[in-house]
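A.B. asks: Below you'll find the structure I mean.
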Amino acid sequence: MTDAVLEVRGLCKYFEVPRSSGGGRVHAVDGVDLTIGPGEVVGLVGESGSGKSTVAKCIVRLLEPTEGTVRLHGHDVTHLKERRLRPLRRQVHMVFQDPYSSLNPRMQISDVVAEPVRMHGIARGRRARHLVGEMLERVGLPPEMHSRYPHELSGGQRQRVGLARSLVLGPSLLIADEPVSALDVSVQASIINLLLDLQRDMGFSCLFVAHDLATVEFLCNRVAVMYLGRIVEEASREELFKNPRHPYTQSLLSAVPLPDPVLQRGRRRVLLEGDIPSPVNPPSGCRFHTRCPVAELPLCADADPQLVDHRRDRHVTACHLVRGDGQAPDVTRGADPVVHHKA
Amino acid sequence: MNNALHPPARPQVARLEVEDLHVRFDTDEGSVLAVNGVSFALQAGEVLALVGESGCGKSMTAMAVLGLLPPTATPSGSIRLEGRDISGLSQRELRAIRGRDISMIFQEPMTSLNPVFTVGHQIGEVLRRHEGLGRKEARARSIELLDLVRIPSARTRVDEYPHQMSGGMRQRVMIAMAVACNPKVLLADEPTTALDVTIQAQILDIMRDLRQELGTSIVMITHDLGVVADIADRVVVMYAGHVAETGTVDAVFANPQHPYTLGLLGSVPRPDLVLADVQDRLAEIPGVVPTLRQPATECVFAPRCPRADKTCLVRMPELTETAPGQRAACVHPGPAEAEQREAVRV
Chain A
1 MTDAVLEVRG
11 LCKYFEVPRS
21 SGGGRVHAVD
31 GVDLTIGPGE
41 VVGLVGESGS
51 GKSTVAKCIV
61 RLLEPTEGTV
71 RLHGHDVTHL
81 KERRLRPLRR
91 QVHMVFQDPY
101 SSLNPRMQIS
111 DVVAEPVRMH
121 GIARGRRARH
131 LVGEMLERVG
141 LPPEMHSRYP
151 HELSGGQRQR
161 VGLARSLVLG
171 PSLLIADEPV
181 SALDVSVQAS
191 IINLLLDLQR
201 DMGFSCLFVA
211 HDLATVEFLC
221 NRVAVMYLGR
231 IVEEASREEL
241 FKNPRHPYTQ
251 SLLSAVPLPD
261 PVLQRGRRRV
271 LLEGDIPSPV
281 NPPSGCRFHT
291 RCPVAELPLC
301 ADADPQLVDH
311 RRDRHVTACH
321 LVRGDGQAPD
331 VTRGADPVVH
341 HKA
Chain B
1001 MNNALHPPAR
1011 PQVARLEVED
1021 LHVRFDTDEG
1031 SVLAVNGVSF
1041 ALQAGEVLAL
1051 VGESGCGKSM
1061 TAMAVLGLLP
1071 PTATPSGSIR
1081 LEGRDISGLS
1091 QRELRAIRGR
1101 DISMIFQEPM
1111 TSLNPVFTVG
1121 HQIGEVLRRH
1131 EGLGRKEARA
1141 RSIELLDLVR
1151 IPSARTRVDE
1161 YPHQMSGGMR
1171 QRVMIAMAVA
1181 CNPKVLLADE
1191 PTTALDVTIQ
1201 AQILDIMRDL
1211 RQELGTSIVM
1221 ITHDLGVVAD
1231 IADRVVVMYA
1241 GHVAETGTVD
1251 AVFANPQHPY
1261 TLGLLGSVPR
1271 PDLVLADVQD
1281 RLAEIPGVVP
1291 TLRQPATECV
1301 FAPRCPRADK
1311 TCLVRMPELT
1321 ETAPGQRAAC
1331 VHPGPAEAEQ
1341 REAVRV
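Protein chains in written order, with our numbering: chain A, 1 to 343; chain B, 1001 to 1346.
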């Protein structure tokens, strides 16, 4: 895949813990490969502490990767100096989770969106104002709102400004880090619809980082599941949600409550024991073996499973228990359905 | 009270009965009507969900029940705990009830635990205060409670401080504290919102057990319709401090009648429908939740409602029965215009 928009290989990001706090090294991201093709929307899901946001920040170099390479349209950007990186910044933009803290409170929203246009010397004066006005309308903000300040807007409107700022230069890649999780459900719906429309119209690729599996399923073409700094499974949306192979993916999917009492109460559900372990001392072998309902010891505690494309259909899984033909253990087999006692 | 949400008549007195609850806030910019005539009854061992988006008054309803409203708030209406009206009690009288007969768990377990005491001390405090247990007995009972909420190695964990625990662990400690005296009613305000889904599943399971083993009645405040579908028996959908719709969870999810309920249900991605390529767009509810400063003289949802016409502007509609056990405050109740969903599910 040479025409990939983004190619991440062996990405690692470690944080040193100060000795005063016990010392050690946080393995936030530990060997992540990720490829995003043109126009592809890839979801990166995982629980808190899985390293998904760190991956996003390393891609845009808000964090310096410890190891590995990040290529953008084939250019290695991992160690480019800021000055050489700047022209490439046109191609990648980021939308943040919190629409309250990611907009400068002293700038009118038209100025917020005009800033990248100015910084990259794309346009000035009337042409710049036209470009900005058009983009703001595209995200659903009518002209009378363009001179407002962020504090005058609702959370959903602010997130629209964030999207306009990220997309005004027509980037080829949008990194969206939990863009809707701070919003109310009905507002989430409008932002997700908007993102879907913009992506269809403008054709950018997108890395959508989220913990909400239902949203990822709704929005993404491909999905990668992270656990403790590693991708444990990656597949097309249909494959991942219909035939999850990794025990972690299966458990995660079964933990999401469906908004339908009949379906939800008839489901078999696996309850994972305990919490996600500390990334300072990740478990040996398969990192999920301490919580895995079907782990086989000592195999899973000793050997570190690699991502394997068992059936050569771009459905990769890092689990010893997935057989050569892609047959995976079913962690929900034998699990109890959600018992619901009537009052 | 003709709009009270009494379930079918039962012989016993309801565990908790809230009737015509109003909460008004007096602010510098005038008064804000946060809760406007909310009524519901909770039976023994029942789980009732209060759902709605931010600002719909669901948390304020819980705070009013506990007598924990800020001084700027003026509540009215009646709150009866097993038949006894507790709405007029003094703080001193309320302190004897809170934690013993009725208790609460909050969304953010870090800020609701005291960082300078061990969790054992904090659970024990409830027991020493309400049940007069000694230090030793309280400690032993705290360990049992930590076991009950499935904290591994409770014997050593009991001496830890909140910061030594993960979010899921702290929320379990909160639950252990809340159920220490085996309360009749547990109010849970978004107890799993700050947690990961696998931890949320554990917490919901613990709450399911509590209601089964201890017969605790639970008021679950949440915005997550998945959580409602998972754990609740009945649901109260709130909008702008009013009850928009109420009924059994099965009825309200299968046959939503109020356009707001329909909007809420359509705005979340449904894994089953997405994969079947049925849901290619989420339902949007245009506009924003209003802040009420005057009692509503028209349907509060009318400005955002696709069904609104001039009959909606006459007055705020009262809850009326649309099916046995289901009520909606709407002039034009009924299922969604395009009922593609049902057709596909069969």
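The beta carbon of each residue, even a glycine, is placed where N, CA and C say it ideally should be.
Since this is a predicted model, take the numbers as computed values, not measurements.
Just verifying my parser: in three-state terms, what is the DSSP assignment at A/F218?
C.D. replies: Locating residue 218 of chain A in the first sequence gives position 218, where the first residue counts as 1. Note: A/F218 maps to helix in three-state DSSP.
A.B. asks: Roughly how many angstroms lie between the CA atoms of A/V322 and A/L272, to the nearest whole one?
C.D. replies: Position 322 of the first sequence, counted from the start, is the residue given in the question as residue 322 of chain A. Position 272 of the first sequence, counted from the start, is the residue given in the question as residue 272 of chain A. Cα to Cα, A/V322 sits roughly 19 Å from A/L272.
A.B. asks: Can you check DSSP and say which residues form a bridge with A/L207?
C.D. replies: Here the question's residue 207 of chain A lines up with position 207 in the first sequence. Its beta-bridge partners are A/V42 and A/I175.
A.B. asks: Considering just the uninterrupted stretch of the beta strand (DSSP E) at B/N1036, what are its terminal residues?
C.D. replies: For the purposes of this step, residue 1036 of chain B is identified with residue 36 of the second sequence, where counting begins at 1. Looking at the DSSP string, the run of the beta strand (DSSP E) that includes B/N1036 is G1030 to L1042.
A.B. asks: Do you know how far the Cα of B/V1237 is from the Cα of A/G121?
C.D. replies: As a working note, residue 121 of chain A is residue 121 in the first sequence. As a working note, residue 1237 of chain B is residue 237 in the second sequence. Near 51 Å, if we compare the C-alpha coordinates of B/V1237 and A/G121.
A.B. asks: Indicate whether at least one CB of chain A lies closer than 8 Å to the CB of B/R1170.
C.D. replies: Here the question's residue 1170 of chain B lines up with position 170 in the second sequence. Taking Cβ atoms only, chain A never reaches closer than 8 Å to B/R1170, which makes this a no.
A.B. asks: Starting from the beta carbon of A/E137, find every residue of chain B whose beta carbon is closer than 9 Å, and list them in chain order.
C.D. replies: Working through the first sequence from its first residue, we reach residue 137 of chain A at position 137. Here the premise fails: no neighbours, minimum Cβ distance about 17 Å.
A.B. asks: Hey, quick one: how far does the alpha helix (DSSP H) through B/T1061 stretch, first residue to last?
C.D. replies: As a first step, residue 1061 of chain B is located in the second sequence; it is residue number 61 there, counting from the start. First-last of the alpha helix (DSSP H) with B/T1061: K1058 to L1066.
A.B. asks: Give every residue of the same chain whose Cβ lies closer than 6 Å to the Cβ of B/H1332, excluding the five residues on either side of it in the sequence, and list them in chain order.
C.D. replies: Residue numbering aside, residue 1332 of chain B sits at position 332 when the second sequence is read from its first letter. So the list reads R1307, once near-sequence residues are dropped.
A.B. asks: Do A/V8 and A/V70 have their C-beta atoms within less than 8 Å of each other?
C.D. replies: Mapped onto the first sequence, residue 8 of chain A falls at position 8. Mapped onto the first sequence, residue 70 of chain A falls at position 70. Cβ distance < 8 Å, so A/V8 and A/V70 count as in contact.
A.B. asks: Chain A partners of B/S1059, CB-CB under 8 Å?
C.D. replies: Locating residue 1059 of chain B in the second sequence gives position 59, counting from the first residue. Here the premise fails: no neighbours, minimum Cβ distance about 14 Å.
A.B. asks: Considering only residues of the same chain and omitting the five flanking positions on each side of B/A1232, which have a CB-CB separation below 7 Å?
C.D. replies: Counting from one through the second sequence, the residue named residue 1232 of chain B turns up at place 232. For B/A1232, where only same-chain residues beyond five positions count, the Cβ hits under 7 Å are V1047, L1048, A1049, M1220 and V1249.
A.B. asks: So within the region 1291-1325 of chain B, which uninterrupted beta strand (DSSP E) runs reach at least 3 residues, ignoring any that extend past its ends?
C.D. replies: Within the region 1291-1325 of chain B, the complete beta strand (DSSP E) runs of at least 3 residues are 1320-1323.
A.B. asks: For the alpha helix (DSSP H) containing B/K1136, name the first residue and the last one.
C.D. replies: Residue 1136 of chain B sits at position 136 when you count from the first residue of the second sequence. Its alpha helix (DSSP H) spans residues R1135 to L1148.
A.B. asks: Using only the alpha-carbon positions, how far apart do B/M1001 and B/E1019 sit?
C.D. replies: Along the second sequence, read from residue 1 onward, the residue named residue 1001 of chain B stands at position 1. Along the second sequence, read from residue 1 onward, the residue named residue 1019 of chain B stands at position 19. Because B/M1001 carries a pLDDT of 44, less than 50, the predicted location of this residue cannot be relied on, and the following value inherits that uncertainty. Going by the C-alpha atoms only, they are around 8 Å apart.
A.B. asks: Report the rounded CA-to-CA distance for A/D325 versus A/E239, giving the unit in angstroms.
C.D. replies: In the first sequence, residue 325 of chain A corresponds to position 325, counting from 1. In the first sequence, residue 239 of chain A corresponds to position 239, counting from 1. Taking the straight line from one Cα to the other gives about 15 Å.
A.B. asks: Counting Cβ pairs closer than 8 Å, one from the region 41-58 of chain A and one from the region 20-29 of chain A, do we hit at least three?
C.D. replies: Yes, they touch.
A.B. asks: Is A/A214 close to chain B? Criterion is C-beta to C-beta, closer than 8 Å.
C.D. replies: The residue given as residue 214 of chain A occupies position 214 in the first sequence. With 8 Å as the cut-off, A/A214 counts as an interface residue toward chain B.
A.B. asks: Under 8 Å, Cβ to Cβ, is there at least one residue of chain A near B/E1284?
C.D. replies: Within the second sequence, residue 1284 of chain B is the residue found at index 284, counting from 1. Chain A contact via Cβ: present.
A.B. asks: In chain order, what residues of the same chain lie with their CB nearer than 8 Å to the CB of A/M202, ignoring the 5 residues before and after it?
C.D. replies: Residue mapping note: residue 202 of chain A aligns to position 202 of the first sequence, counting from 1. Closer than 8 Å at the Cβ level, and outside the excluded window around A/M202, lie L167 and G170.
A.B. asks: Assign B/G1099 to one of two classes, buried (16 or more other C-beta atoms within 10 Å of its C-beta) or exposed (fewer than that).
C.D. replies: Here residue 1099 of chain B refers to the residue found at position 99 of the second sequence. Classification of B/G1099: buried, given that the 10 Å Cβ count is 16 or more.
A.B. asks: Give me, in chain order, the residues of the same chain whose beta-carbon lies closer than 7 Å to that of A/P329; leave out the 5 immediate sequence neighbours on both sides.
C.D. replies: Numbered from its first residue, the first sequence carries residue 329 of chain A at position 329. Closer than 7 Å at the Cβ level, and outside the excluded window around A/P329, lie P247, V294 and L321.
A.B. asks: Find out if the Cβ-Cβ distance for the pair B/A1229, B/G1325 is shorter than 8 Å.
C.D. replies: By one-based count along the second sequence, residue 1229 of chain B stands at place 229. By one-based count along the second sequence, residue 1325 of chain B stands at place 325. Contact: no.
A.B. asks: For B/D1309, which of B/E1144, B/T1320, B/C1330 and B/L1319 has the nearest alpha-carbon?
C.D. replies: Here the question's residue 1309 of chain B lines up with position 309 in the second sequence. Answer by Cα proximity: B/C1330.
A.B. asks: Check whether the region 154-166 of chain A and the region 89-106 of chain A touch, using three or more Cβ-Cβ pairs below 8 Å as the test.
C.D. replies: With the cut-off at 8 Å, the region 154-166 of chain A and the region 89-106 of chain A touch.
A.B. asks: Mind checking which residues open and close the beta strand (DSSP E) that includes B/F1025?
C.D. replies: Taking the second sequence and counting its residues from 1, one reaches residue 1025 of chain B at position 25. Its beta strand (DSSP E) spans residues L1016 to T1027.
A.B. asks: Assess, as a yes-or-no matter, whether the region 1059-1074 of chain B is touched by the region 1015-1032 of chain B under the definition of 3 or more beta carbon pairs within less than 8 Å.
C.D. replies: Yes, the region 1015-1032 of chain B is in contact with the region 1059-1074 of chain B.
A.B. asks: At 4 residues or longer, what runs of the alpha helix (DSSP H) sit wholly inside the region 254-281 of chain A?
C.D. replies: Those alpha helix (DSSP H) runs which fall completely within the region 254-281 of chain A and span 4+ residues are 261-266.
A.B. asks: Does chain B have any CB closer than 8 Å to the CB of A/A28?
C.D. replies: As a first step, residue 28 of chain A must be located in the first sequence, where it is residue number 28. Not closer than 8 Å to any Cβ of chain B, the Cβ of A/A28 fails to qualify, so no.
A.B. asks: How is B/V1047 classed by DSSP in three states: helix, strand or coil?
C.D. replies: By one-based count along the second sequence, residue 1047 of chain B stands at place 47. DSSP places B/V1047 in strand when its eight states are reduced to three.
A.B. asks: Counting only Cβ pairs nearer than 9 Å, list the residues of chain A close to B/L1050.
C.D. replies: Working through the second sequence from its first residue, we reach residue 1050 of chain B at position 50. In chain order: nothing, as chain A lies at least about 15 Å away.
A.B. asks: Got a sec? Which residues, its chain only, sit under 7 Å from B/M1177 by beta carbon, not counting five neighbours each side?
C.D. replies: Against the second sequence, residue 1177 of chain B aligns to sequence position 177. Closer than 7 Å at the Cβ level, and outside the excluded window around B/M1177, lie Q1122, I1123 and V1126.
A.B. asks: Would you say B/A1014 lies against chain A (beta-carbon separation less than 8 Å)?
C.D. replies: The residue given as residue 1014 of chain B occupies position 14 in the second sequence. False, the Cβ-Cβ gap to chain A never drops below 8 Å.
A.B. asks: Quick check on the DSSP output: the alpha helix (DSSP H) that includes A/C292 runs from which residue to which?
C.D. replies: By one-based count along the first sequence, residue 292 of chain A stands at place 292. Looking at the DSSP string, A/C292 is not in any alpha helix (DSSP H), and its letter there is neither H nor E.
A.B. asks: In whole angstroms, what separates the C-alpha of A/S316 from that of A/Q264?
C.D. replies: Stepping through the first sequence from its first residue, residue 316 of chain A is reached at position 316. Stepping through the first sequence from its first residue, residue 264 of chain A is reached at position 264. For the record, residue 316 of chain A in the displayed sequence is Val; it is not Ser. In a straight line, the C-alpha of A/V316 is about 28 Å away from that of A/Q264.
A.B. asks: Can you check the region 95-131 of chain A for any alpha helix (DSSP H) of at least 4 residues that lies completely inside it and give the ranges in chain order?
C.D. replies: Taking only runs of at least 4 residues, the alpha helix (DSSP H) segments lying wholly in the region 95-131 of chain A are 109-119.
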